[in-house]
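Reviewing the structure listed below.
Number of protein chains: 2
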Amino acid sequence: MASRKSLRTTLSDVARAAGVSVMTVSNVVRGKFVLPQNKARVEEAITRLNYRPNLSARSLRTSEARSMGIVIADSDPAFLIDPFISRLVSGLSNYLSSIDYTLDIQGVVPERFATAGILRKDRNDALCAILCGPVELRRQHLEFLRKLGQPVVLFQEVFKSPSPDVALIRQDDFGGGKLIGQLLLKHKVRRVVFLRPMLDWSAVEQREKGIRSICAAALPGIKVTTIPAASESFEDVYSTVQKFLSRGVPDAIVAATDSMGVAALKACESMGVEVPKRLIVTGFNGFDLWRYTRPTLTTVMSPAYEMGRRAGNMLIQRLRDGRFAQRNVAFPVTLSLADSTGRH
Amino acid sequence: MASRKSLRTTLSDVARAAGVSVMTVSNVVRGKFVLPQNKARVEEAITRLNYRPNLSARSLRTSEARSMGIVIADSDPAFLIDPFISRLVSGLSNYLSSIDYTLDIQGVVPERFATAGILRKDRNDALCAILCGPVELRRQHLEFLRKLGQPVVLFQEVFKSPSPDVALIRQDDFGGGKLIGQLLLKHKVRRVVFLRPMLDWSAVEQREKGIRSICAAALPGIKVTTIPAASESFEDVYSTVQKFLSRGVPDAIVAATDSMGVAALKACESMGVEVPKRLIVTGFNGFDLWRYTRPTLTTVMSPAYEMGRRAGNMLIQRLRDGRFAQRNVAFPVTLSLADSTGRH
DNA sequence: TTGAAAGCGTTACCAC
DNA sequence: GTGGTAACGCTTTCAA
Chain Z
2 MASRKSLRTT
12 LSDVARAAGV
22 SVMTVSNVVR
32 GKFVLPQNKA
42 RVEEAITRLN
52 YRPNLSARSL
62 RTSEARSMGI
72 VIADSDPAFL
82 IDPFISRLVS
92 GLSNYLSSID
102 YTLDIQGVVP
112 ERFATAGILR
122 KDRNDALCAI
132 LCGPVELRRQ
142 HLEFLRKLGQ
152 PVVLFQEVFK
162 SPSPDVALIR
172 QDDFGGGKLI
182 GQLLLKHKVR
192 RVVFLRPMLD
202 WSAVEQREKG
212 IRSICAAALP
222 GIKVTTIPAA
232 SESFEDVYST
242 VQKFLSRGVP
252 DAIVAATDSM
262 GVAALKACES
272 MGVEVPKRLI
282 VTGFNGFDLW
292 RYTRPTLTTV
302 MSPAYEMGRR
312 AGNMLIQRLR
322 DGRFAQRNVA
332 FPVTLSLADS
342 TGRH
Chain U
2 MASRKSLRTT
12 LSDVARAAGV
22 SVMTVSNVVR
32 GKFVLPQNKA
42 RVEEAITRLN
52 YRPNLSARSL
62 RTSEARSMGI
72 VIADSDPAFL
82 IDPFISRLVS
92 GLSNYLSSID
102 YTLDIQGVVP
112 ERFATAGILR
122 KDRNDALCAI
132 LCGPVELRRQ
142 HLEFLRKLGQ
152 PVVLFQEVFK
162 SPSPDVALIR
172 QDDFGGGKLI
182 GQLLLKHKVR
192 RVVFLRPMLD
202 WSAVEQREKG
212 IRSICAAALP
222 GIKVTTIPAA
232 SESFEDVYST
242 VQKFLSRGVP
252 DAIVAATDSM
262 GVAALKACES
272 MGVEVPKRLI
282 VTGFNGFDLW
292 RYTRPTLTTV
302 MSPAYEMGRR
312 AGNMLIQRLR
322 DGRFAQRNVA
332 FPVTLSLADS
342 TGRH
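Here you go:
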């Protein structure tokens, strides 16, 4: 029956089957007004023929894809397991779904950022990005994004927006670091270890700066030592902390992330160092993990899901209005006290 | 200079700038052989004009999108935080990226599955899906997927493939349940609680069947009681277990997932019920969580990341060869012993 | 309200 | 090896 070479049903297949023109079918599909009698026949034909609109053709014609992309630079192949990222992407995806937009996703190791297919081809109306690596590399990548000439939201960086097409959304990691710092003050610690991954990440830098800004101003002085673990993996962090503890026990271990905080807790346990009695431990960017440990982990809560929604919303407004209403947005974070810093 | 109304650079913009035909530019872009002198001029123009190929136009012409979609039915809006799903999607995404394919992602509550935009429009060459909800609903959704007339990989279901276009990939949850069951035998338990979420999920059903198959055959008999928590959330599971324990302590709590296992551990802790001394606890579908708790959690390890890669690979082969080589694939799982079931 | 035709950016095809 | 042309499926435009 179908004499077309294409295997897929098209508008004109439906039009022929329903005895109307393609425009009538198109109008039905897009919810425009069509006489009820025609509409019914078209809908019947659509169902019978299993018609689905070809978005490539629609996008080509309308020059809007109703789709956004997100590119995530991460050294871990399983880039979505990071709880911040999984929440951010969930929020973005759900927001976009709610307005009938699609989300394209791609993870990429930082060294190969600029080769990501999602950036080299034009398939999405706008892009989101999360960078990592040394600050100069991140700056290059931002420049690469700027040159795309497409609306972009960049997460978690403190760069100034370099173009009207680039907006930045971050949580207040510096402020979060200060909250941890103030907690350290309250506990009258003297020697603090800031435990971070080797790989640079803007948020980690900000957290460290926030903590140090408080500790530097403290009287009596608080000495902050930064210890880098080879990676964020449990094994690397665990062994790094064990090695450090074997040479002396500080008053506090401030971990750059919750998963590192957990590994630190476990390392303390293995060395017989009691938390919070002998030293206190904190995490960062907490979601549920804090409550799984014993003792439970004091951390700073992130609004990641909401940040994802917001990014989608800002990009939609940018596409509609031709400009971003704001190009720098910072979300507040909150301190979440638990047993690893002792009962207040 | 650019007299076109479209804002984006096109092939013919580049062709004009380089003084060649569009076909030459197209050939350069696609890596076909072009005389070095022309190639150089074209590449210069591409860089200068910031040209990126329009994938909608390419897809329309070639009728291949080089893109796949995944739709995830989940009652939790943050559908990506589930560690199984985040690994599965990471594996799929990375595999697709490596062959220059894109991944579209959409989460949807099970009641609205068939309304998901990713299913109602034709943008991807193939689809992956994860279902949840009562088995009849899942069967309907599978039928919906079958009718799309597109290659589909469905995860974690034990349905028979209903069409040459549908392949099923799952882990051996029944076998995993048997591993847990055998462990229970070894510990000579008599009263077992299977702790599961209210929401149906194929994998949970299989796990329960596997456990019960072993327990039913045991001598002396092992009594298995199923306790549903309102949801998988920490609070719901925690309070469900507390309530249950207040009426008596079984010999084992077998949780349907690791996060439920952790909540059970914490509920035991809160009630002063020692694990593994007084009762043993197990999780399921473990990744890193098991090592965060005290005691660490015995669980069954899932090959989720590898399953995602495999799905991508099977779909690519299906697109290339016109048929699936296999339509039912089961990945083995492994038991991971830890402190919550005591030292052997 | 409906229909006919043009054209979105690209690639397949076929001349040269 | 390169270029002209048609066509992919859809929506915009304009006429009826």
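Chains as they are written, first to last, in this note's numbering: chain Z, 2 to 345; chain U, 2 to 345.
Ideal Cβ placement from N, Cα and C applies to all residues, glycine included.
Looking at Arg292(Z), Gln172(Z), Leu50(Z), the one whose alpha-carbon comes closest to that of leucine 8(Z) is Leu50(Z). Around valine 276(Z), the same chain offers Leu266, Cys269, Val282, Pro296, Ser341 as residues with beta carbons nearer than 7 Å, after the five sequence neighbours per side are excluded.
The straight-line gap separating the alpha-carbon atoms of valine 330(Z) and isoleucine 170(Z) is approximately 5 Å. At a cut-off of 7 Å, the C-beta of proline 152(U) has no neighbouring C-beta in chain Z. At least one C-beta of chain U is nearer than 7 Å to the C-beta of serine 60(Z).
Non-local beta-carbon contacts of glycine 70(U) in its own chain, meaning distances under 6 Å to residues more than five positions away in sequence, involve Asp105, Ile119, Asn125, Leu128 in chain order. Phenylalanine 156(Z) and alanine 130(Z) have their C-alpha atoms roughly 6 Å apart. With a threshold of 7 Å between beta carbons, glycine 118(Z) makes contact with chain U. Straight across, the Cα-Cα distance linking valine 250(Z) with leucine 196(Z) is about 14 Å. DSSP, read as helix, strand or coil, puts lysine 189(Z) in coil. Linking glutamate 233(U) to leucine 338(Z) through their CA atoms gives a straight-line distance of about 24 Å. Neighbours of leucine 104(Z) in chain U, taken as residues whose beta carbon is under 8 Å from its own, are Asp105, Ile106, Gln107 in chain order. When the Cα atoms are used, leucine 336(U) and glutamine 207(U) turn out to be separated by approximately 16 Å. Inter-segment contact for the region 13 to 20 of chain U and the region 199 to 217 of chain Z is absent: fewer than three beta-carbon pairs are separated by less than 8 Å. In this structure isoleucine 212(Z) is buried. Its beta-carbon is surrounded by 16 or more other beta-carbon atoms within 10 angstroms. Beyond the five residues adjoining it in sequence on each side, leucine 93(U) comes within less than 8 Å, by CB distance, of Met69, Ile71, Leu104, Cys129, Gly309, Arg310, Ala312, Gly313 in the same chain, given in chain order.
Using a Cβ-Cβ cut-off of 7 Å, asparagine 39(Z) does not count as an interface residue toward chain U, since no Cβ of chain U sits closer than that to its own. One thing to note: alanine 253(U) has its Cβ within 7 Å of the Cβ of valine 190(U). The way I'd put it, the region 180 to 188 of chain U doesn't touch the region 146 to 154 of chain U; fewer than three beta-carbon pairs between them come closer than 8 Å. Annotation: alanine 19(Z) to alanine 41(Z) spans about 9 Å, alpha carbon to alpha carbon. Looking at the DSSP output, alanine 326(Z) shares a beta bridge with no other residue.
Taken in chain order, the members of the region 68 to 83 of chain U whose beta-carbon sits within less than 9 Å of a beta-carbon on chain Z are Ser68, Gly70, Asp77, Pro78, Ala79, Phe80, Leu81, Ile82, Asp83. A Cβ of chain Z is located within less than 7 Å of the beta carbon of aspartate 101(U). Residues of the same chain with a CB within less than 6 Å of the CB of leucine 298(U), apart from the 5 flanking positions on each side, are Gly262, Gly284, Trp291, Ala339, Ser341 in chain order. Only those residues of the region 133 to 163 of chain Z whose C-beta falls short of 7 Å from the nearest C-beta of chain U are listed: Lys148, Gly150. Per DSSP, reduced to three states, the secondary structure at glutamine 107(U) is strand. Closer than 7 Å to the CB of tyrosine 96(U) there is not a single CB belonging to chain Z. At least one C-beta of chain Z is nearer than 7 Å to the C-beta of lysine 122(U). The beta-bridge partner set that DSSP reports for alanine 74(U) consists of Val109(U). Sorting Val109(U), His142(U), Tyr96(U) by C-alpha distance to the C-alpha of aspartate 77(U) places Val109(U) at the top. According to the DSSP assignment, isoleucine 100(Z) belongs to no beta strand (DSSP E), since it is labelled neither H nor E.
Judged by beta-carbon spacing, valine 23(Z) lies beyond the 7 Å limit of valine 43(Z), meaning their Cβ atoms are not closer than that value.
Contact annotation, glutamine 172(Z) with serine 60(Z): C-beta distance approximately 33 Å; criterion of less than 8 Å not satisfied. Between glycine 178(U) and valine 334(U), the C-beta gap is not smaller than 7 Å, which leaves the two residues out of contact. At least one CB of chain U lies nearer than 7 Å to the CB of serine 57(Z). Neighbourhood of alanine 66(U) in chain Z, by CB distance below 7 Å: Ser57, in chain order.
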